[in-house]
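Novice: The sequence shown lines up with residues 0 to 340 when you count with numbering that gives the first Met the number 0. Provided herewith is a single structure, encoded as structure tokens, for subsequent inquiry.
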Amino acid sequence: MIRALALAAFAALLLVSCSEPSADADPGESAGAPSLTPSLTSTPRPTATPDPFQPVPPPGFLPDTWPEGLEPSADGEAIRIACLDSDRDGRITGADDAAYEELEIVIAEPCAPDDERRDFFAGEADADAFACDGGAPPLLVVAIGGGGTDLHDPKSGVSLGLLGSVNEIAARAEAAGIAMAPVLASSAVFGADLPQTRMEQWIAHHVAGRLEQAPCARAVLIGHSHGGVIVTEVTAALEGRFGDRIYGVLIDRTAALYDRPATAIPLRTPLLNVYQLREGWHGEPIAQANVENADRTSSVAPKEPRLPDQPVEPVTHVNLDDARDVQETIAAWVVERVSAD
Ligand SMILES: [Ca+2]
């Protein structure tokens, strides 16, 4: 649906630009049939005077898959969590793999071989940095997209801008000498009985395992829309064990259409809460000492960031993650926090 709308918008844009009179046509030219070949001798005129207050739209950003949009690239394989039910009993438990001993993820719709959707990607870490034998503590960055996120179809869902934040963190972390490993996730385990609740359990299990494996490492969870709810639920669940090693970033967190009323907010974990108030589905300020609220209602972002040269407009719920100033604010906050602590 989103893709169809986006393509329709793009087609409409093309139609408008093709049907408008050419603004750079020389008024001295013949009023007869327009020439379709540009003159090699005429000097092109600007079609409009640039408005100094209007940001220039960035080029469209549409990698083939979410992991392919990581900069720098990360080794790893995007998976479908439901397919880890290797004994096909409809549950991911220790019977499938000893590593899942503490889990019970109920799979209502079994993994089908022709289902190409992917809901989780764990980027491989720099083994030396995560061995905790000196140097700056490494950082696990877990980005969780909102509803509809499919790591193998970036046209699905509305959270691809999270990659902008992850890549900006990677650049700033490298400059600060901090090794980083990326993790990407949807906010739903495809085929699970309670898709969002099960993803909370899966991510909590994954993050806890990696923080135990690398006792010096820290983790930041960044989530857009439903992904923001997963951030608050998982950090609330883990802060008793890892409170001084985890951080959270919410981008227009919303629990609307979540699979259960999810209300947990961590009490200690530092959170950056970015939201907009222009339209519904929006986040809201959280009045707690551990939460830094960032109202970005005045930010702008491309209307459809995955298409090239889209007009820049005031942010809404679906493109707050794409606003460049939001991505930079998040990256600066994360790297400053982990550098200081
Ligand atoms: Ca099983």
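Think of the CB as a built atom: it goes at the ideal place given N, C-alpha and C, for glycine as much as any other residue. What you are looking at is a predicted structure, and each value in this text was computed from that prediction instead of being measured.
Below 8 Å, how does it come out for the stretch 228-236 and the stretch 261-270: are there three or more Cβ pairs, yes or no?
Specialist: Touching, yes, given that three or more Cβ pairs across the two stretches are closer than 8 Å.
Novice: Could you tell me if the beta carbon of A94 falls within a distance shorter than 7 Å of some heavy atom in ligand 1?
Specialist: Within the cutoff, so yes.
Novice: Could you give the first and the last residue of the continuous alpha helix (DSSP H) run that contains G163?
Specialist: Counting along the chain, the alpha helix (DSSP H) containing G163 begins and ends at L161 to A174.
Novice: Going by beta-carbon coordinates alone, are V141 and A218 separated by less than 8 Å?
Specialist: Cβ atoms of V141 and A218: closer than 8 Å.
Novice: For D320, does the three-state DSSP call read helix, strand or coil?
Specialist: In this structure, D320 counts as helix in the three-state DSSP scheme.
Novice: Can you check DSSP and say which residues form a bridge with L220?
Specialist: Answer by DSSP bridge pairing, in chain order: V141 and G247.
Novice: Rank T64, R116 and A286 by C-alpha distance to the C-alpha of L162 and give the top, closest one.
Specialist: Nearest option by C-alpha distance: T64.
Novice: Quick check on the burial criterion: 16 or more other C-beta atoms within 10 angstroms. Buried or exposed for A111?
Specialist: So A111 counts as exposed.
Novice: Might you give, ordered along the chain, the residues of its own chain that have their beta carbon closer than 6 Å to the beta carbon of D320, omitting 5 neighbours on each side?
Specialist: So the list reads S158, G160, L161, H223 and I250, once near-sequence residues are dropped.
Novice: For the beta strand (DSSP E) holding A300, just list the boundary residues, first then last.
Specialist: Segment V299 to P301, the beta strand (DSSP E) holding A300.
Novice: Pick helix, strand or coil for L193, following the three-state DSSP scheme.
Specialist: The answer is coil: DSSP assigns L193 none of H, G, I, E or B.
Novice: Residues in the same chain with beta-carbon distance under 6 Å from P284, minus the five sequence neighbours each way, listed in chain order, please.
Specialist: Correct list, in chain order: N292.
Novice: Relative to the C-alpha of A135, which candidate in Y99, E173, L102 and V182 has its C-alpha closest?
Specialist: Among Y99, E173, L102 and V182, the Cα nearest to that of A135 is on E173.
Novice: Could you check if P71 is buried or exposed, using at least 16 other CB atoms within 10 Å of its CB as the buried criterion?
Specialist: Exposed: under 16 other Cβ atoms inside 10 Å.
Novice: Determine the extent of the alpha helix (DSSP H) in which F241 is found, giving its start and end residues.
Specialist: Looking at the DSSP string, the run of the alpha helix (DSSP H) that includes F241 is H225 to F241.
Novice: Three-state secondary structure (DSSP) at P136?
Specialist: P136: coil per DSSP, three-state reduction.
Novice: Does the stretch 237-256 come close enough to the stretch 306-326 to have 3 or more Cβ pairs within less than 8 Å?
Specialist: Flag = yes, the stretch 237-256 and the stretch 306-326 touch.
Novice: Indicate, with yes or no, if ligand 1 has a heavy atom lying under 7 Å from the CB of D74.
Specialist: No.
Novice: Alpha carbons only, please: which of V334, G59 and D74 is nearest the one belonging to P66?
Specialist: For the residues V334, G59 and D74, the minimum Cα distance to P66 belongs to D74.
Novice: Given that a residue counts as buried once 16 or more other Cβ atoms are within 10 Å of its Cβ, and exposed if not, what is V325?
Specialist: Buried: at least 16 other Cβ atoms inside 10 Å.
Novice: List the DSSP bridge partners of I78.
Specialist: Partner(s): F119.
Novice: Would you say A180 and P153 are within 8 Å of each other, going by their C-beta atoms?
Specialist: No; because the gap between Cβ atoms is not below 8 Å, this pair is not in contact.
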